[in-house]
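S.K.: Submitted below is the structure of interest, expressed as structure tokens.
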Amino acid sequence: MNLSKKTFIYSFMLSGGIVTLIIIYFVLMLPSLYIDHLSKSHYQSIKKIQENYINDKNYNNIYSPNPSGTVSVRIPSDGNSIYASNSFGTSRITIKDIDLVNLLDDVRYYTKNIDEAKEVEKYESKFFDTIKKSFNKNTFIQELPVEFKFIESNNKNPFNESSYKMNVVSDDTIIYEFNSFDGINYYTFYSAITISNEDIILSLLSVMTPKIEEITSIVFQSLPMIVSVLILIILVSTYYFSRKIIIPIKKLANHAEFMKNNNISNVYPIEIKGEDEISVLGNTLNELYIKLNESFKSLEEKNKLLIAENKRQDVFLRASSHQLKTPVAASLLLIESMIDEVGKYKNTKEHLPKVKVQLQVIRKIIDEILNLNNEDLNKKMIDIKDLIDEIINQHEIQIKEKFINVESKINNITLDTDYHLMYKIIDNLITNAINYTSEKNDIKIILSDDSLKIINYGSHIDEELLPNIFDAFVSSNSESRGNGLGLYIAYYYSNLLGYKIEINNISNGVEAILSFI
1 MNLSKKTFIY
11 SFMLSGGIVT
21 LIIIYFVLML
31 PSLYIDHLSK
41 SHYQSIKKIQ
51 ENYINDKNYN
61 NIYSPNPSGT
71 VSVRIPSDGN
81 SIYASNSFGT
91 SRITIKDIDL
101 VNLLDDVRYY
111 TKNIDEAKEV
121 EKYESKFFDT
131 IKKSFNKNTF
141 IQELPVEFKF
151 IESNNKNPFN
161 ESSYKMNVVS
171 DDTIIYEFNS
181 FDGINYYTFY
191 SAITISNEDI
201 ILSLLSVMTP
211 KIEEITSIVF
221 QSLPMIVSVL
231 ILIILVSTYY
241 FSRKIIIPIK
251 KLANHAEFMK
261 NNNISNVYPI
271 EIKGEDEISV
281 LGNTLNELYI
291 KLNESFKSLE
301 EKNKLLIAEN
311 KRQDVFLRAS
321 SHQLKTPVAA
331 SLLLIESMID
341 EVGKYKNTKE
351 HLPKVKVQLQ
361 VIRKIIDEIL
371 NLNNEDLNKK
381 MIDIKDLIDE
391 IINQHEIQIK
401 EKFINVESKI
411 NNITLDTDYH
421 LMYKIIDNLI
431 TNAINYTSEK
441 NDIKIILSDD
451 SLKIINYGSH
461 IDEELLPNIF
471 DAFVSSNSES
481 RGNGLGLYIA
491 YYYSNLLGYK
501 IEINNISNGV
511 EAILSFI
């Protein structure tokens, strides 16, 4: 199935399904659901009205869906007063007529004695006759300038009761629901009654229920809007399903562009689901990516080896160049002193051999540089004490020049390690200590079975430099500092040998610790 047919079928199925569901919902389900919702809402309203009126005895916190058709009546357990309340206020009605007072007492009696309620039917005619007689006395309107007379209507009740329902809310509260029809509209009348020791409370709510035909007509009036929404849904759905076709193609194109410009070995295949032309193309490209991935990984491994080798050579050249500074400085100092015939250096025959020794050290370092490709690890048992003594002798001239006192506490230990790398590590640590120690101060060298400690007194490292102290070219602005390569070289070679270096400030100096374990 080609892409155009797939897009058309997706759009047609989705649009047809949406149209069908919406029409069924609006025409068949929505009216009845709406009426059912109104019925439940009105029932909850009368229930809430009754509960709030029992608590507050007023309508201050009561909401009614029909304020003009809602009223609550409270009849106290004794007395000749009753209270009527709705959203507009609360009224107290005091009954002065003795017949009406007796009638009120009968109401109290029969509401609390349900078993005798059947006898009320015997007094129904008497009940209404008493009310009419009392109100026709006109005693309560004698002072008014107009005359009121109650005339009984002979019109038949226009309402036909269609259903009746009683809901027991609690032990003392019942809600009656009356549904009626007048030939045109449907009405629902709710009556909630609560009987307690103190009061009889009656709440009434009358609402009109819309007919299903009315809601259906509104739905048909809304068809233009519904059709517009459906058209919009169709357009959006068509766009969506078109994207379902276009996005995989763009995904393949973008991935191919990424693969073209990608030089790393972490090449991953693209996932295209389905069995159409796009998925076939994706699978073909995946096979190509797998082969490219294998080639990239092979090249990456070779590149890593080259990078490691280049870094090793770079560090070696830096270390050798850094190491050349000591014999060169010593040679220059001896030669200048002999040229200027300073003190004991007038005796050139005595000090020229020392210059020769420094030049031999320089030649040795140059030979190591020339044999750079042979600088592989060559471990053997090395006497660390002899190695330290040799390095201290190499720095004899700088030590004497600064009047530094070197105190050694060295045990005779041997390590299975590479001589040249160990030499560079210890030489850089001692050189660093000499450079950082001011004149007439002390350096202490302590060699134990598991570590070498070199402490130079009278110096301090800035705290902000400590976290990066082993980075290349990290140095303070002190005049005696070097170019920041010594600790970098020592740290690099110690990692190659599996050792650990720490640099710490102590109370009166700096401590360098080379741990062998």
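Numbering (UniProt numbering), first residue to last: 1 to 517.
The beta carbon of each residue, even a glycine, is placed where N, CA and C say it ideally should be.
Using the C-alpha atoms, what's the distance from K500 back to M338?
M.R.: Working through the sequence shown from its first residue, we reach residue 338 at position 338. Working through the sequence shown from its first residue, we reach residue 500 at position 500. Using only the alpha carbons, I get a separation of about 42 Å.
S.K.: With 16 as the cutoff for other CB atoms within 10 Å, does L352 come out buried or exposed?
M.R.: Looking up residue 352 in the sequence shown gives position 352. Exposed is the call here.
S.K.: For N138, which residues in the same chain have their Cβ closer than 6 Å to its Cβ, ignoring the five residues on either side in sequence?
M.R.: As a first step, residue 138 is located in the sequence shown; it is residue number 138 there, counting from the start. Interpretation of N138 is limited by its pLDDT of 48, a score under 50 that renders its predicted location unreliable; the figure taken from the coordinates is listed afterwards. Around N138: no qualifying Cβ.
S.K.: Spell out whether any CB of chain C is found under 7 Å from the CB atom of N113.
M.R.: As a matter of chain content, chain C is missing from the structure shown, which is built from one protein chain.
S.K.: Are S162 and S180 closer than 7 Å when you measure CB to CB?
M.R.: In the sequence shown, counting from the first residue as 1, residue 162 sits at position 162. In the sequence shown, counting from the first residue as 1, residue 180 sits at position 180. Against a cut-off of 7 Å, the Cβ pair of S180 and S162 comes out as a contact.
S.K.: From the DSSP output, in three-state form, read off L465 for me.
M.R.: For the purposes of this step, residue 465 is taken as residue 465 along the sequence shown, with counting starting at 1. In the structure shown, L465 sits in a helix (DSSP, three-state: H, G or I).
S.K.: Look at the Cβ atom of Y59, then the Cβ atom of S81, and state whether they are nearer than 7 Å.
M.R.: Stepping through the sequence shown from its first residue, residue 59 is reached at position 59. Stepping through the sequence shown from its first residue, residue 81 is reached at position 81. Cβ atoms of Y59 and S81: not closer than 7 Å.
S.K.: Are T216 and T188 closer than 7 Å when you measure CB to CB?
M.R.: On the sequence shown, residue 216 is found 216 positions in, with the first residue counted as 1. On the sequence shown, residue 188 is found 188 positions in, with the first residue counted as 1. Taking 7 Å as the Cβ cut-off, T216 and T188 do not qualify as a contacting pair.
S.K.: Tell me whether G509 is buried or exposed, calling it buried when 16 or more other Cβ atoms sit within 10 Å of its Cβ.
M.R.: On the sequence shown, residue 509 is found 509 positions in, with the first residue counted as 1. When all chains shown are included, G509 counts as buried.
S.K.: Going by other Cβ atoms of all chains shown within 10 Å of its Cβ, with 16 needed for buried, is L372 buried or exposed?
M.R.: Reading the sequence shown from its first residue, position 372 is the one you call residue 372. Below a pLDDT of 50, predicted positions are generally treated as unreliable, and L372, at 42, falls in that range; no measurement from the model is reported.
S.K.: What did DSSP end up calling Y457 once you bin it into helix, strand or coil?
M.R.: Translated into the one-based positions of the sequence shown, residue 457 becomes position 457. Y457: strand per DSSP, three-state reduction.
S.K.: Would you tell me roughly how many angstroms separate the C-alpha atoms of G17 and T238, rounded to the nearest one?
M.R.: Position 17 of the sequence shown, counting from 1, holds the residue named residue 17. Position 238 of the sequence shown, counting from 1, holds the residue named residue 238. Whole-angstrom Cα-Cα distance: 13 Å.
S.K.: If you count every other CB in all the chains shown that lies within 10 Å of the CB of K424, and 16 or more means buried, which is it?
M.R.: Counting from 1 along the sequence shown, the entry for residue 424 is found at position 424. It is buried - the Cβ of K424 has at least 16 other Cβ atoms within 10 Å.
S.K.: Exposed or buried, L288, counting other C-beta atoms within 10 Å across all chains shown (16 or more means buried)?
M.R.: Locating residue 288 in the sequence shown gives position 288, where the first residue counts as 1. It is exposed - the Cβ of L288 has fewer than 16 other Cβ atoms within 10 Å.
S.K.: Examine the Cβ distances between the region 165 to 177 and the region 30 to 38 and report whether three or more of them are shorter than 8 Å.
M.R.: No, because fewer than three Cβ pairs between the region 165 to 177 and the region 30 to 38 fall closer than 8 Å, the two stretches do not touch.
S.K.: Find out if the Cβ-Cβ distance for the pair I391, I430 is shorter than 7 Å.
M.R.: Residue mapping note: residue 391 aligns to position 391 of the sequence shown, counting from 1. Residue mapping note: residue 430 aligns to position 430 of the sequence shown, counting from 1. Yes, the pair counts as a contact, with Cβ atoms nearer than the cut-off.
S.K.: How would you write the range of the beta strand (DSSP E) that S206 sits in, first residue to last?
M.R.: Working through the sequence shown from its first residue, we reach residue 206 at position 206. S206 -> beta strand (DSSP E) spans 199 to 209.
S.K.: Report the residue from K48, T173, E213 whose alpha carbon sits nearest the alpha carbon of I184.
M.R.: Here residue 184 refers to the residue found at position 184 of the sequence shown. Minimum Cα distance to I184 is reached at E213.
S.K.: For N378, which residues of its own chain have a beta-carbon under 6 Å away from its beta-carbon, when the five flanking residues on both sides are left out?
M.R.: As a working mapping, residue 378 is identified with position 378 in the sequence shown. Once the five neighbours on either side are set aside, the close Cβ partners of N378 are D418.
S.K.: Could you spell out the range, first to last residue, of the alpha helix (DSSP H) harbouring N60?
M.R.: In the sequence shown, counting from the first residue as 1, residue 60 sits at position 60. Where N60 is concerned, there is no enclosing alpha helix (DSSP H), given that its DSSP letter is neither H nor E.
S.K.: Just tell me which of P327, N310, I218 has its CA closest to the CA of L28.
M.R.: Position 28 of the sequence shown, counting from 1, holds the residue named residue 28. When only C-alpha atoms are compared, the closest one is I218.
S.K.: The alpha helix (DSSP H) that contains F470, what's its start and end?
M.R.: Counting from 1 along the sequence shown, the entry for residue 470 is found at position 470. Premise fails: F470 is in no alpha helix (DSSP H) and is neither H nor E.
S.K.: Identify, in the order they occur along the chain, each residue of the same chain with its Cβ nearer than 7 Å to the Cβ of E502, setting aside the five sequence neighbours on each side.
M.R.: Taking the sequence shown and counting its residues from 1, the one referred to as residue 502 is at position 502. Within the same chain, E502 has close Cβ partners I513.
S.K.: Roughly how many whole angstroms lie between the Cα atoms of Y63 and I49?
M.R.: Taking the first residue of the sequence shown as position 1, residue 63 is located at position 63. Taking the first residue of the sequence shown as position 1, residue 49 is located at position 49. Looking at the two C-alpha atoms, the distance is approximately 7 Å.
S.K.: Using a Cβ-Cβ cut-off of 8 Å (strictly less than) and excluding sequence neighbours within five positions of T414, which residues of its own chain qualify?
M.R.: Numbered from its first residue, the sequence shown carries residue 414 at position 414. Result list for T414: M381, I382, D383, I384, in chain order.
S.K.: Apply the 10 Å Cβ neighbour rule to V168 and answer buried if 16 or more other Cβ atoms are within range, or exposed otherwise.
M.R.: Locating residue 168 in the sequence shown gives position 168, where the first residue counts as 1. Counting Cβ neighbours within 10 Å, V168 comes out exposed, since fewer than 16 surround it.
S.K.: From N405 to L306, what distance separates their C-alpha atoms?
M.R.: Translated into the one-based positions of the sequence shown, residue 405 becomes position 405. Translated into the one-based positions of the sequence shown, residue 306 becomes position 306. Roughly 45 Å separates the two Cα atoms.
S.K.: Tell me the DSSP secondary structure of residue 529 in three-state form.
M.R.: Residue 529 lies beyond the stretch modelled for the chain, which goes from 1 to 517, so this question has no answer here.
S.K.: Rounding to the nearest angstrom, what Cα-Cα distance links R243 and I22 in this structure?
M.R.: Residue numbering aside, residue 243 sits at position 243 when the sequence shown is read from its first letter. Residue numbering aside, residue 22 sits at position 22 when the sequence shown is read from its first letter. When rounded, the distance between both Cα atoms is 25 Å.
S.K.: Using the three-state DSSP reduction, which class does E407 fall into: helix, strand or coil?
M.R.: Taking the sequence shown and counting its residues from 1, the one referred to as residue 407 is at position 407. Correct three-state label for E407: strand.
S.K.: Measuring CB to CB, does F470 end up less than 7 Å from L487?
M.R.: Here residue 470 refers to the residue found at position 470 of the sequence shown. Here residue 487 refers to the residue found at position 487 of the sequence shown. It is a contact, given that the beta carbons lie within the stated cut-off.
S.K.: Mind checking R92: buried by the 16 CB within 10 Å criterion, or exposed?
M.R.: Along the sequence shown, one-based indexing puts residue 92 at 92. Under this definition R92 is an exposed residue.
S.K.: Mapping the DSSP letters down to three states, classify F88 as helix, strand or coil.
M.R.: For this step, residue 88 is matched to residue 88 along the sequence shown. Correct three-state label for F88: coil.
S.K.: Smallest Cα separation from E439: which of I426, S459, K96?
M.R.: The residue labelled residue 439 in the question sits at position 439 within the sequence shown. When each option's Cα is compared against that of E439, the closest is S459.
S.K.: Taking the runs of the alpha helix (DSSP H) that are 4 residues or longer, which of them lie wholly in the region 17 to 81?
M.R.: Qualifying alpha helix (DSSP H) stretches, in chain order: 30 to 56.
S.K.: In its own chain, which residues sit with a C-beta less than 7 Å from the C-beta of I388, not counting the 5 before and 5 after it?
M.R.: As a first step, residue 388 must be located in the sequence shown, where it is residue number 388. For I388, where only same-chain residues beyond five positions count, the Cβ hits under 7 Å are I410, I426, I445, L447.
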